[in-house]
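Using the working numbering, the first residue of the sequence shown is number -10, and each one after it goes up by one. C-beta: ideal position from N, C-alpha, C; glycine also.
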Amino acid sequence: MTSPWPPDRIAAAAPDPSSLTAARGLVSGWIDTGRQDGALWGECRGRGTAVYRTAIDLDGPAYTCTCPSRKLPCKHALALLMRWSDGMVPKADPPGSVTEWLASRAAQTTPPDEPGDEPAKAPDPATVQRRAERAAAGLDELDRWLTDRIRSGLGAVDHGYSTYDDIAARMVDAQVPGVASTLRALAGVVATEVDWPARVLTEYARLHLLVVAYRQIDDLPDPLARSVRTHLGFPTRADDVRSEPPVRDRWQVLATRISEDSRLFTRKVWLRGRDTGRWAILLDFSHGTARFPDATPPPGMLVDADLHFYPGAAPLRALVGERYADPEPFTTLPASLPGTAPDFDAALDEYARVLGADPWIRSWPMLLDSVVPVGSDGSWHLVDRHGRALPLGGDDDTRWRLLTVAGGHPLTVCGDWDGTRLAPASLFTAGQELSL
């Protein structure tokens, strides 16, 4: 049986502080609980006559609950973990519903390439050719649109949402959804950013470069050609990713974030190899609910596993392959590793190298040690021991939380640098991880 989680690991698994606070108030509200091997389950009293059935697969971990919350884990799952940590969950035989859920998870996590599986169907060459021609025509139209706007001047053309929605819709028809997403975001930049002319001009230049690259895609090195297709929005089959050479390391889970846009939930997990210093991002998507089929260890855990990286000029996104041991907590971050960024200079040099390899990269992870968050008159920065500062992004709630936890003292911050500011995802202080 897996050992009960300590309070700090339960706190690391919580999606936000409010869920953790609510869970503490539910520890005593359980009708029935049980545990067996790597599973916990129980029934928790809700309002009125409501009873919520909760189950946890500790091997993932993964969570399920009949409550309406979109958060994962919900407050009921966190409360059940707390009861288990306090020794209040007895051994028992699981009810049928828990057994069925565990069986369905086992079926979902069966490796796709077992002997006897049929090979993935290769794409039809005629279909591939038609898509390439449609994309080329659409990108030619986009380039004319960009040229007309630059000739007219940014101040003389319309930047309303409908303008960008119209050209984005034509890019969707051309089957380049990555370009469409970029265009739709520009109207928001114009509406909210003071320096919008510079940012819009940068995006126009980036799009023009993408058009030029696609016209010459047959002459590009294979990794760069794959990056171009990815940024255009061409799909990459999971089977193709898993055929990439595995990279084994002890991967530290540094941050996890779940976001939602038009009922599409995205889970992003930041990983860094403890031995290689290599970054990796896991991305999973779920329509309508934040319940993802494959569980990932919470921040603060270390996983000995293979990762298969999506091919490209600057590989970052990855899929998990074979795991060699159960996840275990880590309490320290190595001070110096090959490819890591212990200070601002090294971090920015790494970003410049990545941008040189793939000029369409939107952001790149950073792990900055001994930095102090500072906020004054609406200006936010991370300041290092030498007094140098990097602009701090994210929303006000995240930045104030970071400032409050730091209390003027240095800490370690993990986040994404987009060339202008760092959006924080988590912080580490006194051996503890806190998601932002």
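* To do: May I ask you to list the residues that DSSP assigns as paired with Gln421?
  => Gln421 pairs with Thr418.
* For Asp366, three-class secondary structure by DSSP -> Asp366: coil per DSSP, three-state reduction.
* Asked: Applying the criterion that 16 or more other CB atoms from any shown protein chain within 10 Å of the CB defines a buried residue, is Arg374 buried or exposed?
  -> Its Cβ having fewer than 16 others within 10 Å, Arg374 is exposed.
* **Opening and closing residue of the beta strand (DSSP E) in which His297 lies** => Met290 to Phe298
* **Residues that DSSP places opposite Ala28 in a beta bridge** => Gln25 and Asp46
* **Cβ neighbours of Arg188 in the same chain (closer than 8 Å, five flanking residues each side left out)** => Val178 and Glu182
* Taking only the alpha-carbon atoms, compute the straight-line gap between Pro62 and His297 and give it to the nearest angstrom. => So the alpha carbons of these two residues sit roughly 27 Å apart.
* Can you list, in chain order, the residues of its chain whose CB lies under 6 Å from that of Pro108, leaving out five sequence neighbours each side? -> Model confidence at Pro108 stands at a pLDDT of 43, short of 50, so the residue's coordinates are unreliable and nothing is read from them.
* To do: Please name the residue in Trp73, Thr285 and Thr265 whose C-alpha comes closest to that of Leu28.
  => The sequence given here has Ala at residue 28, not Leu. Here the closest residue by C-alpha is Trp73.
* Between Ser359 and Pro399, which are expected to be in contact by the criterion C-beta below 8 Å, what is the C-beta distance as a whole number of angstroms? -> Correct: roughly 4 Å between the Cβ atoms.
* Who are the Cβ neighbours of Leu213 in its own chain at under 6 Å, not counting the five residues just before and after it? -> Apart from the 5 residues on each side of it in sequence, Leu213 sits with its Cβ closer than 6 Å to the Cβ of Ala302 in its chain, given in chain order.
* Under 9 Å, do Gly167 and Thr116 count as touching if we go by C-beta distance? -> no
* Grab me the residues of His65's own chain with a C-beta within less than 7 Å of its C-beta, minus the 5 sequence neighbours each way, in chain order. => Same-chain partners within the cutoff: Leu15, Cys33, Tyr41, Thr43, Cys54 and Cys56.
* Report yes if the CB atom of Leu371 is closer than 9 Å to the CB atom of Leu423, and no otherwise. => No, the Cβ-Cβ distance between Leu371 and Leu423 is not below 9 Å.
* Asked: Distance, Cα to Cα, Asp384 vs Ala81?
  -> 45 Å
* When the Cα atoms are used, what is the spatial distance from Phe274 to Gly49? -> Roughly 17 Å between the two C-alpha positions.
* Asked: So, Leu381 versus Pro354, is the Cβ gap smaller than 9 Å?
  -> no
* **Glu339 classed as buried or exposed, judged by whether at least 16 other C-beta atoms fall within 10 angstroms** => It is buried - the Cβ of Glu339 has at least 16 other Cβ atoms within 10 Å.
* Asked: Taking all protein chains shown into account, do 16 or more other C-beta atoms lie within 10 angstroms of the C-beta of Pro288, making it buried, or fewer, making it exposed?
  -> buried
* To do: Kindly indicate which residue of Arg306, Tyr313 and Leu209 has the alpha-carbon position closest to the one of Ala227.
  => Arg306
* Asked: With C-beta atoms as the reference, is Arg256 less than 9 Å away from Arg246?
  -> yes
* Check whether the Cβ atoms of Leu143 and Pro186 sit closer than 9 Å, and answer yes or no. => yes
* So Leu356 and Leu172 are in contact, right, with Cβ under 8 Å, and what is the actual spacing, rounded? -> Leu356 to Leu172, Cβ: 32 Å. No contact.
* Asked: Alpha carbon to alpha carbon, how far is Gly408 from Arg280?
  -> 33 Å
* Cβ pair Val309, Leu271 closer than 9 Å -> yes
* Reference Arg195, options Trp30, Pro(-4), Arg351 and Ser365, closest by Cα -> Cα-wise, what sits closest to Arg195 is Arg351.
* Asked: Arg239 and Gly266: beta carbons closer than 9 Å?
  -> no
* DSSP three-state call for Lys64: helix, strand or coil? -> helix
* To the nearest angstrom, how far is it from the Cα of Thr321 to the Cα of Pro286? -> 17 Å
* In the DSSP assignment, find the unbroken beta strand (DSSP E) run with Trp268 in it and report its ends. => Trp268 to His276
* If you drop the 5 nearest sequence neighbours on each side, which residues of the same chain put their C-beta closer than 8 Å to that of Val87? -> Ala28, Trp30 and Ala44
* **Span separating the alpha-carbon of Pro6 from that of Pro318** => 20 Å
* For Arg120, which residues from the same chain have a beta carbon less than 6 Å from its beta carbon, with the 5 sequence-adjacent residues on both sides left out? -> Residues Gln164 of the same chain have their beta carbon placed closer than 6 Å to that of Arg120, with the five preceding and five following residues left out of the count.
* **Nearest to Asp264 (by Cα), restricted to the options Tyr203, Val200 and Asp293** => In terms of CA proximity to Asp264, Asp293 leads the group Tyr203, Val200 and Asp293.
* Asked: Of the choices Asp405, Ser170 and Glu311, whose alpha-carbon is the least far from that of Leu337?
  -> Asp405
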